[in-house]
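With the UniProt record's numbering, the residue at position 22 of the sequence shown is 22, and numbering never jumps.
Glycine residues also receive a C-beta, built at the ideal position from the N, C-alpha and C atoms.
Each remark here refers to the structure printed beneath this line.
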Amino acid sequence: MKATEILRSSSAPNALFESFSTSSAPSISMAAPRGVYAESGGGGRALDEDRERNADSPTDKKYRAEKSPPSRWEFVAALGVFLSFSSALLFIYLTMPAADYNILKLPRTLADLRLLKDHLGSYARHYPAKFILGYCSTYIFMQTFMIPGTIFMSLLAGALFGVGRGLFLVVFNATAGASSCYFLSKLIGKPIVVWLWPEKLRYFQTEIGRHRDKLLNYMLFLRVTPTLPNLFINLASPIVDIPFYIFFLATVIGLIPASYITVSAGLALGDLKSVKDLYDYKTLAVLFLIGSVLLFPTLRKSKASV
């Protein structure tokens, strides 16, 4: 009798433990979702909040490549702006003095450029003001809507106006067109840039965050050297929150060296065999040397901070 009672008393805790383990014990998974430990303590929740805060910070912001074209509204807005610019440009051409419009076309080769230069030489001398208006309108239009061929327009400026006036016209038109492209991209450009250059945009955002303290020097370096295409810089700058005054100053100053090379080559247009001859290894080395001098304050500040 005593033995039976002893067995019953010894098995009661085991039964109690089994009932607790099958009914009351919470199950803990090794693959718990994010934030599952926040209910049992504040450490997990603080860690999650820090991660979310870092992910949303301006310097660590990542542009996820959403492979989707611009929306219908953005397409309609871009088309409306393009038609407005086109109408203004057409009005300027229709009000200019008569000319042979079969020859007036955007040059695509050096042969086209030489033919256009020979035809426009006398026209520019007889109607200088109207010619400059038409030239500037065309250049700004091409720069705003990323139409290839502005390098031929820069060569034409050197051939028709010389180095001094030609350089002024090229820098003025390139800056005006780049500024117009900046504001157009600020309005509707983000989905286009994210769609076309997601990786390049992410790299650009990271570099801007690194050089935020000396942003003007870094932008001058990008303008002087062919590190990134000017087309991409014009479109991506408002997206990565580059202030317009820095964008404007970097464009005005940074485009002078390359524009000088192109305008000077326009003086010897007949001897130029290819556009690639404009930027040989010697010219590129000079541009990168100038850009390195402009970037030096940024590099020195980075080493000091490290």
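- Query: Can you tell which of ASP118, LEU169 and LEU113 has its C-alpha closest to the C-alpha of ILE132?
  - Reply: The residue from ASP118, LEU169 and LEU113 with its alpha-carbon nearest to that of ILE132 is LEU169.
For VAL286 and ARG72, what's the separation of their Cα atoms in angstroms? 45 Å
For ILE192 and ALA159, the rounded distance between their alpha carbons: 36 Å
Checklist entry - Considering only residues of the same chain and omitting the five flanking positions on each side of ALA77, which have a CB-CB separation below 8 Å? => result Here ALA77 has LEU187 and ILE188 as same chain residues with Cβ atoms under 8 Å from its own Cβ, once five neighbours each way along the sequence are excluded.
Taking the straight line between their C-alpha atoms, what separation do you get for MET219 and SER237?
10 Å
Could you check where the alpha helix (DSSP H) with residue 313 kicks off and where it finishes? Nothing can be reported for residue 313, as the shown portion of the chain is limited to 1 through 306.
- Return the residue from the list PHE183, ILE239, THR175 and ALA178 that minimises the CA-CA distance to ARG202. Nearest neighbour of ARG202 by Cα position, chosen from PHE183, ILE239, THR175 and ALA178, turns out to be ILE239.
query: Over what stretch of residues does the alpha helix (DSSP H) that includes THR144 continue unbroken?
result: 128-144
- Message: Here's the rule: buried if 16 or more other CB atoms are within 10 angstroms of the residue's CB, otherwise exposed. What is PHE91?
- Response: exposed
Check: In angstroms, rounded to a whole number, what distance separates the CA positions of LEU110 and ILE208?
Finding: 37 Å
- request: Would you tell me roughly how many angstroms separate the C-alpha atoms of LEU113 and ARG223, rounded to the nearest one?
  value: 26 Å
Next on the checklist: Am I right that LEU155 and ALA258 are in contact with their C-beta atoms under 8 Å? What's the rounded C-beta distance?
Outcome noted: With a Cβ gap of about 12 Å, LEU155 and ALA258 do not count as contacting.
Report task. For residue 341, name the three-state secondary structure that DSSP assigns. Result -> Since the displayed the chain opens at 1 and closes at 306, residue 341 lies outside it and no answer follows.
In chain order, what residues of the same chain have a beta carbon less than 8 Å from the beta carbon of ILE246, not counting five sequence neighbours either side? Excluding positions up to five away in sequence, the list reads LEU215, LEU216 and MET219.
Note to self: Taking the straight line between their C-alpha atoms, what separation do you get for ARG165 and SER180?
What the structure shows: 22 Å
*Distance, Cα to Cα, LEU79 vs MET146?*
Each residue's alpha carbon lies about 14 Å from the other.
Which residue from TYR135, LEU284 and LYS130 puts its Cα closest to that of LEU116?
TYR135
Please return the same chain residues whose Cβ sits closer than 6 Å to the Cβ of ALA55, not counting the five positions on each side in sequence.
Model confidence at ALA55 stands at a pLDDT of 45, short of 50, so the residue's coordinates are unreliable and nothing is read from them.
Neighbourhood of PHE152 by C-beta distance below 6 Å, restricted to the same chain and skipping five residues each side
PRO107 and LEU113
So LEU235 packs on SER185, CB below 8 Å; how close in whole Å?
5 Å
* What did DSSP end up calling THR262 once you bin it into helix, strand or coil? -> helix
Thinking just about the alpha-carbon of each residue, which of GLY177, ASP213, SER84 and LEU231 is nearest to the one in LEU196? In this structure, LEU231 is the residue among GLY177, ASP213, SER84 and LEU231 with its C-alpha nearest to the C-alpha of LEU196.
Checklist line | Nearest to residue 310 (by Cα), restricted to the options ALA129, LEU249, ALA178 and ASP118 | finding: The question about residue 310 has no answer, for the chain in this structure spans 1 to 306.
Taking just the CA atoms, how far does LEU294 sit from LEU249? 13 Å
Worksheet item: Which whole-angstrom value describes the C-beta separation of VAL171 and ILE290, a residue pair presumed to lie in contact below a C-beta threshold of 8 Å?
Response: That belief does not hold up - the Cβ atoms of VAL171 and ILE290 are roughly 16 Å apart, past 8 Å.
* Residue nearest to ALA98 in terms of C-alpha spacing, selected from TYR127, SER84, PHE75 and THR283 -> TYR127
For MET142, which of ALA157, GLY121, PHE161 and ALA176 has the nearest alpha-carbon?
ALA176
By how many angstroms is the C-alpha of PHE288 removed from the C-alpha of TYR123? 39 Å
Please determine, among LYS276, THR144, VAL252 and PHE221, the residue with the shortest C-alpha to C-alpha distance to SER86.
THR144
Q) Does DSSP put TYR182 in a helix, in a strand, or in coil? A) helix
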